[in-house]
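Structure first, then comments.
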Amino acid sequence: MATEAEILKVLAEERNMRKAAERLFLSQPALSQRLQTIEKDWGAQLFIRSQKGLTATPAGELIIAYATEMLSKKEEIFETIQSLTTKVNGTLKIACASIVGQNWLPKILKDFVTKYPEAKISLMTGWSSEIVKALYEGEAHIGIVRGQVDWKGEKIHLFRDTLYLVDKELKTIEDVLTTERPFIQFKSDSNYYQEIQQWWQQHFASNPSKQILVDQIEICKQMVLNGIGYAILPSITLNDHDGINKIALTNNEKEFGLTRDTWLIGYESSFELRQVEAFVEVVQDHARCLFDYTK
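So the mapping is simple: my numbering equals the position in the sequence shown, first residue as 1, plus 597.
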């Protein structure tokens, strides 16, 4: 059964009785009754109902903050206790770059929950800069980030993938000079975008004549698969069954492929937690498999 603190936290987050009831696995009448009891115990109205939903009263804001702090402290103590045992349980809080979360992480999580069924997972995705912020603010135990990230704590290299120019029609890098097809780009953190821009400027005297900007890498890929234009995508998003031409980007000066690194980062104290230790083992096993195609 949901505790008083859990009820208040969910109500504050959802600001809607129906959605909160669904999250708490309660009926709306039961949740309404629980809220009335809580308000009676505190001797104050905690929420005001309107057509726009629930709004916390000044008293409600104070008590919600107290409830949230209690839940956070309880989780910290629980994790500390669990770290003293050999059994893997507790909550594993992961912050992961979206591209990795979509294309690589699901298989890892499947193996992890199969091996450690008593562990719980909390996952957030976003740009690498957002992942670092989540770690700083204590919202995640560990982060999976892309590219060059300024991080002073623990940092484990997972894998390196190659950037490709991909298209249904273009077969060489030089073909972009004569094509009328648009260059499809996706929004990302500034470092990723900057790397691609620097590569383009090193190889071509002018910008692409036609460009399309989308807000997600998966949309970018789907547009390429449907023959709308060409894009530059990392190998983590591609497979041999896509039916598109893949042209590796190389640096003419040093003759090496343009690549993107993926890292596992976190504070040293987080890596001491049993659920984090177990997850790191599973992640590294999968990372090694990227270079061993028999697995």
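Don't be surprised by glycine CBs; every beta carbon is placed ideally from N, CA and C.
Within 10 Å of its beta-carbon, does residue i have 16 or more other beta-carbons around it, so buried, or fewer, so exposed?
i, result
"R646", "exposed"
"P831", "buried"
"M598", "exposed"
"N700", "buried"
"K752", "exposed"
"L608", "buried"
Which residues bound the alpha helix (DSSP H) around residue i?
i, result
"R885", "R871 to C886"
"D904", "With the chain covering only 598 through 892, there is no way to say anything about residue 904."
"W639", "Q625 to W639"
"S647", "First-last for S647: F644 to S647, but that is the beta strand (DSSP E), not the alpha helix (DSSP H)."
"F783", "Per DSSP, F783 belongs to no alpha helix (DSSP H); it is in the beta strand (DSSP E), F780 to F783."
Determine the contact status of residue i and residue j, defining contact as a CB-CB distance below 8 Å.
i, j, result
"I841", "L855", "no"
"K606", "I661", "yes"
"T688", "K712", "no"
"R631", "I674", "no"
"L835", "V763", "yes"
"A737", "A692", "yes"
"L574", "Y790", "Since the first residue of the chain shown is 598 and the last is 892, residue 574 is not available in this structure."
"D758", "I833", "yes"
"G826", "R871", "no"
"W800", "I770", "According to the sequence as given, residue 800 is His; it is not Trp. Cβ atoms of H800 and I770: closer than 8 Å."
"S726", "K690", "no"
Since residue i contacts residue j with CB under 8 Å, what's their CB separation in whole angstroms?
i, j, result
"I739", "G863", "4 Å"
"T677", "G698", "That belief does not hold up - the Cβ atoms of T677 and G698 are roughly 28 Å apart, past 8 Å."
"A884", "F756", "5 Å"
"R620", "G650", "In fact, because the Cβ distance is near 14 Å, the residues do not count as touching under 8 Å."
"D906", "G744", "Residue 906 falls outside the range modelled here, since the chain spans only 598 to 892, and no answer is possible."
"L668", "A656", "Not quite, the Cβ-Cβ distance comes to about 19 Å (not below 8 Å), so this is no contact."
"L861", "V880", "6 Å"
On the DSSP letters alone, give me the boundaries of the beta strand (DSSP E) that residue i sits inside.
i, result
"L822", "Not the beta strand (DSSP E): L822 falls in the alpha helix (DSSP H), residues I814 to L822."
"A602", "Here A602 belongs to no beta strand (DSSP E); instead the alpha helix (DSSP H) covers E601 to E611."
"L755", "E751 to D764"
"A653", "G650 to A653"
"L621", "Looking at the DSSP string, L621 is not in any beta strand (DSSP E); the run it does join, the alpha helix (DSSP H), is M614 to L621."
"I770", "Neither: I770 is in no beta strand (DSSP E) and is coded neither H nor E."
Does the beta carbon of residue i sit closer than 8 Å to a beta carbon anywhere in chain B?
i, result
"E715", "Structure shown: chain B not included; a single protein chain is present."
Checklist line | Whole runs of the beta strand (DSSP E) within the region 715-739, excluding any shorter than 3 residues | finding: Assignment of beta strand (DSSP E) within the region 715-739, counting only whole runs of 3 or more residues, yields 716-723 in chain order.
Note to self: At 3 residues or longer, what runs of the beta strand (DSSP E) sit wholly inside the region 820-846?
What the structure shows: Runs found: 827-831 and 842-845.
Next item on the list: Starting from the N-terminal side, write out each stretch of the alpha helix (DSSP H) that is 4 residues or longer and does not extend beyond the region 662-701.
Entry: Taking only runs of at least 4 residues, the alpha helix (DSSP H) segments lying wholly in the region 662-701 are 695-700.
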